[in-house]
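Asker: Numbered as in the numbering used here, the sequence shown ends at 905 without a single skipped number. C-beta atoms are modelled at their ideal positions from N, C-alpha and C, and glycine is treated no differently.
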Amino acid sequence: MTTSSKTARLAAWDHAYLWHPFTQMQEWEQDVPLIIEKGKGSYLIDTEGRKYLDGTSSIWVNLHGHRHPQLDRALTAQLRNIAHSTLLGLSNPPAIRLARELIRLAPKGLQRVFYSDNGSTAVEVALKMAVQYWQQQHPTAGPKHSFLHLKLAYHGDTVGAVSVGNIELFHARFKALLFPTLEVDPPYCYRCPLSLTYPSCGMACIDPLETILKTRQRELAGVILEPLVQAAAGMITAPHGYLKRVRDLCTRYHVLLIADEVATGFGRTGKMFACQHEGVTPDLMAISKGLTGGYMPLAATLTTEEIYRAFLGRYEDWKTFFHGHSYTGNPLGCAVALANLEVFRREKTLPQVRKHSRLLARLLRPLVSLTHVGDIRQCGFMVGIELVQDRQTRSPYPLELRIGHRVAQACRAAGLLLRPLGNILVLVPSLSVRPRELTKMVAILHRAIVQATEDRSASS
Ligand SMILES: *Cc1c(COP(=O)(O)O)cnc(C)c1O
């Protein structure tokens, strides 16, 4: 493949100056990187003018396609007013309007919006709010400053978010930095930690969670989880009713429920927020990725009036929430987020996602019969395909075989960009994806799985 001189120059500078996230740079430096210069709808276009289907929604953020005219316009219109001013001691129209819109759309009972700028910080804010809430509102309830979370959870990469996460490969080496937490097994039906089968199990995996809540409630500030789908763990979908049960237990044992909707929020599951599938209102809710339709880094932590009021007092009561970021409530981000929500209404995005996710389920069905496909999990537009070495025993591929990566490379050669999670292939199309684009994505993925898993060195 020949490379233009522009690409060659950029590639050399990339190799000389950049350090990419979650990337082994020694390996990276050996190849000419794919440099994305433009986007249009469901496609990304590189510096050579080649088009690729964006199978990850640019890592789960893009909703209405790239270069959506209304979102583009919202950004340029805001630029004519101001790019940024602070929420520390000042306010701004887009931040105010967006807060009001978010409260309209959020699960009923959430009343306040605290901005930050990425999913990890939205989670950090939720953790700190929970701890401070208990100190100020119920000081005798106990030293309630620990958290219960699920194994395989992912809540971001900052130290607090890592403390409540549990992806061994990412987190193990930072153990010394982390605060102690309590953890329980997740509802991972394909690899049930209790070796039971749903639904005859009666969701027995809830019992250990209840035991911890019952016995440790005086220590626990909150339970944090990703509602419905543990995304970074490989799109592990919880059985219906699990979230509601956790909500009820949190209420019963006086522990706050923190919903991390960073991945599941904004239509990804077919409703605006995943909690709404089970009529659940969390006490705190973290949102980010889709908030701006994939245009700008922006995040928020939503909470109830009950929690908000615990922070009220005279200045010298020191009940202020002492937290904030330089770009909190950034007007450009908030303006494009408002336009994002407007597009949901105008293009009837949610009903369309529900319709197209049924199509996606139909398209995925033939993949179930492939020799090395162990499990296909889908919730709306979040799909995880777990590859296994042996379907009978469900034995996983050794990570060093990098089977997911091999499939992704075969996909890339055929014009589809994916980012696997170990042995789990992940497909997260933009909500605006067209039926024929979905069909093409799944067809490419199907052929790539066959190609990569039937290569004898990978399957033996
Ligand atoms: C991506 C993600 C985060 C972290 O968000 P960043 O913006 O990458 O910091 C937190 N929680 C969940 C569920 C996520 O998927």
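Anyone know if the C-beta pair for residue 737 and residue 778 falls short of 8 Å?
Answerer: Here residue 737 corresponds to residue number 292 of the sequence shown, with the count starting at 1. Here residue 778 corresponds to residue number 333 of the sequence shown, with the count starting at 1. Yes.
Asker: What residue from 583, 671 and 588 has the CA that sits closest to residue 661's CA?
Answerer: Within the sequence shown, numbered from 1, the residue matching residue 661 stands at position 216. Comparing Cα positions, the closest option is 588.
Asker: Where does residue 762 sit, in a helix, a strand or coil, going by DSSP?
Answerer: By one-based count along the sequence shown, residue 762 stands at place 317. Three-state DSSP puts residue 762 in a helix.
Asker: How long is the line joining the alpha carbons of residue 916 and residue 852, rounded to whole angstroms?
Answerer: The requested residue 916 does not occur in the structure, where the chain is confined to residues 446 to 905.
Asker: Taking 7 Å as the cut-off, does the CB of residue 770 come closer than this to any heavy atom belonging to ligand 1?
Answerer: Taking the first residue of the sequence shown as 1, we reach residue 770 at position 325. Every heavy atom of ligand 1 is 7 Å or more from the Cβ of residue 770, so no.
Asker: If you draw a straight line from the alpha carbon of residue 841 to that of residue 704, how long is it in whole angstroms?
Answerer: Numbered from 1 along the sequence shown, position 396 holds the residue referred to as residue 841. Numbered from 1 along the sequence shown, position 259 holds the residue referred to as residue 704. Roughly 30 Å between the two C-alpha positions.
Asker: Do the CB positions of residue 565 and residue 739 come within less than 8 Å of each other?
Answerer: Counting from 1 along the sequence shown, the entry for residue 565 is found at position 120. Counting from 1 along the sequence shown, the entry for residue 739 is found at position 294. Cβ atoms of residue 565 and residue 739: not closer than 8 Å.
Asker: Give the straight-line distance between the Cα atoms of residue 499 and residue 724, rounded to the nearest whole angstrom.
Answerer: Numbered from its first residue, the sequence shown carries residue 499 at position 54. Numbered from its first residue, the sequence shown carries residue 724 at position 279. Rounded to the nearest angstrom, the two C-alpha atoms are 32 Å apart.
Asker: Could you tell me if the beta carbon of residue 676 falls within a distance shorter than 7 Å of some heavy atom in ligand 1?
Answerer: Translated into positions along the sequence shown, residue 676 becomes position 231. Checking every heavy atom of ligand 1 against the Cβ of residue 676, one is found closer than 7 Å.
Asker: Are the beta-carbon atoms belonging to residue 578 and residue 821 less than 8 Å from one another?
Answerer: As a position in the sequence shown, residue 578 is number 133, starting the count at 1. As a position in the sequence shown, residue 821 is number 376, starting the count at 1. For residue 578 and residue 821, no; Cβs fall outside 8 Å.
Asker: Any heavy atom of ligand 1 within a distance shorter than 7 Å of the CB on residue 671?
Answerer: Along the sequence shown, one-based indexing puts residue 671 at 226. True, at least one ligand heavy atom lies under 7 Å from that Cβ.
Asker: Please confirm whether any heavy atom of ligand 1 lies closer than 7 Å to the CB of residue 596.
Answerer: Against the sequence shown, residue 596 aligns to sequence position 151. Not so, every heavy atom of ligand 1 lies at least 7 Å from the Cβ.
Asker: Thinking C-beta only, is residue 706 closer than 8 Å to residue 720?
Answerer: The residue you call residue 720 lines up with position 275 of the sequence shown. The residue you call residue 706 lines up with position 261 of the sequence shown. Yes, Cβ-Cβ distance for residue 720 and residue 706 is below 8 Å.
Asker: Is the segment 757-768 in contact with the segment 508-520, if contact means three or more CB pairs nearer than 8 Å?
Answerer: These segments do not touch.
Asker: Secondary structure at residue 832, three-state DSSP: helix, strand or coil?
Answerer: Reading the sequence shown from its first residue, position 387 is the one you call residue 832. Residue state, collapsed to three classes: strand.
Asker: Taking only heavy atoms of ligand 1 into account, decide whether any of them is closer than 7 Å to the Cβ of residue 601.
Answerer: For the purposes of this step, residue 601 is taken as the residue at position 156 of the sequence shown. Because some heavy atom of ligand 1 lies under 7 Å away, the Cβ of residue 601 counts as near it: yes.
Asker: For a minimum of 4 consecutive residues, which ranges assigned as the alpha helix (DSSP H) are wholly contained in the segment 532-595?
Answerer: If we require 4 residues or more, the alpha helix (DSSP H) runs fully inside the segment 532-595 come out as 538-550 and 564-582.
Asker: With 16 as the cutoff for other CB atoms within 10 Å, does residue 728 come out buried or exposed?
Answerer: On the sequence shown, position 283 is the one that residue 728 refers to. Classification for residue 728: buried.
Asker: Give me the Cβ distance between residue 718 and residue 552, rounded to the nearest whole Å; I'm assuming they're in contact under 8 Å.
Answerer: Working through the sequence shown from its first residue, we reach residue 718 at position 273. Working through the sequence shown from its first residue, we reach residue 552 at position 107. About 6 Å separates the two Cβ atoms, so the contact holds.
Asker: Sort 819, 748, 875 and 529 by Cα distance to residue 795 and report the nearest one.
Answerer: As a first step, residue 795 must be located in the sequence shown, where it is residue number 350. Considering only alpha carbons, the answer is 875.
Asker: By the three-class DSSP mapping on this structure, what secondary structure does residue 466 have?
Answerer: Translated into positions along the sequence shown, residue 466 becomes position 21. The answer is coil: DSSP assigns residue 466 none of H, G, I, E or B.
Asker: Indicate the three-state DSSP secondary structure (helix, strand or coil) for residue 485 in the structure shown.
Answerer: For the purposes of this step, residue 485 is identified with residue 40 of the sequence shown, where counting begins at 1. Residue 485 falls in the strand class under three-state DSSP.
Asker: Per DSSP, residue 827 forms a beta bridge with which residues?
Answerer: Translated into the one-based positions of the sequence shown, residue 827 becomes position 382. Residue 827 is bridged to 824.
Asker: Should residue 773 go down as buried or exposed, given a rule of 16 or more other Cβ atoms within 10 Å for buried?
Answerer: If you number the sequence shown from 1, residue 773 lands on position 328. The residue is buried, with at least 16 neighbouring Cβ atoms inside 10 Å.
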